[in-house]
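One structure below.
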């Protein structure tokens, strides 16, 4: 499973709660509970969905669509792209609501991007974007903007990601809901890191941390804490940052989030390298390199091989240093080739929509 994009992106459809009539409050409350669980405890959320499905005959049309979107999210988190795609395509065929269709298109875009089908990903996210003016449900508007920002960030189109991220932050700031601000600030911080604007990134991450913690968005709170610990590293507090990252790492292991755990392994290895603890750096970096998700997620592969090449060189093991340095160079070439392919896919996708 390549879930960094999915776990950051699809979760966004869960960040808003719409109010309903009192007569259906019980079902709405249960759907709200699904929303909360999928953004804090995905395994529990999956089980809750299975239980709630027994009551689906009682859903009205709006609740049925909402349940289908949440179930699609759960299937994606489990790596079941085929069933998730079928469910979303069924929504597109049977539901006439622009709000539902826009969310379904944006989720399909995530599936295609996760499978490296970038032309289809761009077509679907642009279909969703072109519907923005027709949307009346704030949840749908926010989902499209947030998923567009995250997809374009992930594929390396930082300029487009920056545009959508700013639009999303402005949109969620209108209501000021903490659980929405949590992701909005996190995504803005993530983009500033890519732009190497670390002071701005830190400001965004601090705001994200406050909102993620107070709204119970545990997965994002851990990611934000990880980023802040990494940014806050200076000569004086390196050991404190290392200790904090190790504590965060324990929490990632507890919730079984593979990508978060690998991200932490790399950050810890990098600090150990700075502390000249090369053998320990190798231990963490090799664990990150060997992780199942790393082979398909080039940013992690690039960082792991960079650390390993440097650490082995410092240890005097030139054979290993050369081996990992070559892997680092190869990975960087793959990243650049990937970016060129994605730009071409985007160009073709836009032409196909004219």
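Residue numbers (mature numbering (1 follows the signal peptide of the UniProt record, and there is no 0)): -23 to -1, 1 to 331.
From the three backbone atoms N, C-alpha and C, an ideal C-beta is built for every residue, glycine too.
By the criterion of a C-beta distance shorter than 8 Å, residue 175 is surrounded in its chain by 169 and 208, once the five residues flanking it on both sides are discounted. DSSP places residue 182 inside the alpha helix (DSSP H), whose first and last residues are 175 to 191.
When DSSP states are grouped into helix, strand and coil, residue 210 belongs to the coil group.
In this structure, the CA atom of residue 54 is about 20 Å from the CA atom of residue 116. With respect to the C-alpha of residue 33, the residue from 153, 48 and 226 having the closest C-alpha is 48. Pairing residue 145 with residue 123 gives a Cβ-Cβ distance under 8 Å. Between the alpha carbons of residue 331 and residue 111 lies a gap of roughly 19 Å.
When Cβ pairs closer than 8 Å are counted between the two stretches, the region 100 to 107 is seen to touch the region 68 to 87, the count reaching three or more.
Only residues of its own chain outside the window of five on either side were considered, and among them 265, 268, 270, 271 and 277 have a CB closer than 7 Å to the CB of residue 239, listed in chain order. The beta-carbon distance between residue 81 and residue 128, rounded to whole angstroms, is 15 Å. This is too long to meet the 8 Å contact definition. Residue burial is scored here from C-beta neighbours: residue 3 has fewer than 16 other C-beta atoms within 10 angstroms and is therefore classed as exposed.
Where residue 60 is concerned, the enclosing alpha helix (DSSP H) starts and stops at 58 to 71.
With contacts defined by Cβ atoms closer than 8 Å, residue 252 and residue 215 form a contacting pair. Put simply, of 281, 280, 218 and 302 the residue whose alpha carbon is nearest the alpha carbon of residue 290 is 302.
In this structure, residue 164 and residue 130 form a Cβ contact; the two beta carbons are roughly 7 Å apart against a cut-off of 8 Å.
In terms of Cβ geometry, residue 7 and residue 29 form a close pair [threshold 8 Å]. Here DSSP, grouped into helix, strand and coil, assigns residue 36 to coil.
In this structure, residue 5 keeps its C-beta atom at 8 Å or more from the C-beta atom of residue 25. The closest CA to that of residue 180, considering only 171, 166 and 173, is found on 166.
Here residue 274 carries a coil assignment [DSSP, helix/strand/coil].
Rounded to whole angstroms, the gap between the alpha carbons of residue 275 and residue 201 is 21 Å. When secondary structure is reduced to three states using DSSP, residue 166 falls in the helix class. Annotated three-state conformation of residue 269 is coil, per DSSP. Looking at the backbone, the Cα of residue 61 and that of residue 36 are separated by about 20 Å.
Looking at the backbone, the Cα of residue 21 and that of residue 15 are separated by about 8 Å.
Bounds of the alpha helix (DSSP H) holding residue 241 are 235 to 251. Looking from the CA of residue 188, the closest CA among 206, 162, 56 and 177 belongs to 162. Rounded to the nearest angstrom, the gap between the Cα atoms of residue 136 and residue 148 is 19 Å.
Nearest neighbour of residue 218 by Cα position, chosen from 193, 292, 23 and 247, turns out to be 247.
With a cutoff of 8 Å on beta-carbon distance, residue 133 and residue 283 are scored as not near each other. Between the C-alpha atoms of residue 311 and residue 236 there is a straight-line separation of about 20 Å. Within the model, the alpha-carbon separation for residue 63 versus residue 259 is close to 43 Å.
Following the DSSP letters along the chain, one finds residue 292 in no alpha helix (DSSP H), marked with neither H nor E. Look at residue 108 here: in three-state DSSP terms it is coil, with no helix or strand label.
The C-alpha of residue 324 lies about 37 Å from the C-alpha of residue 186.
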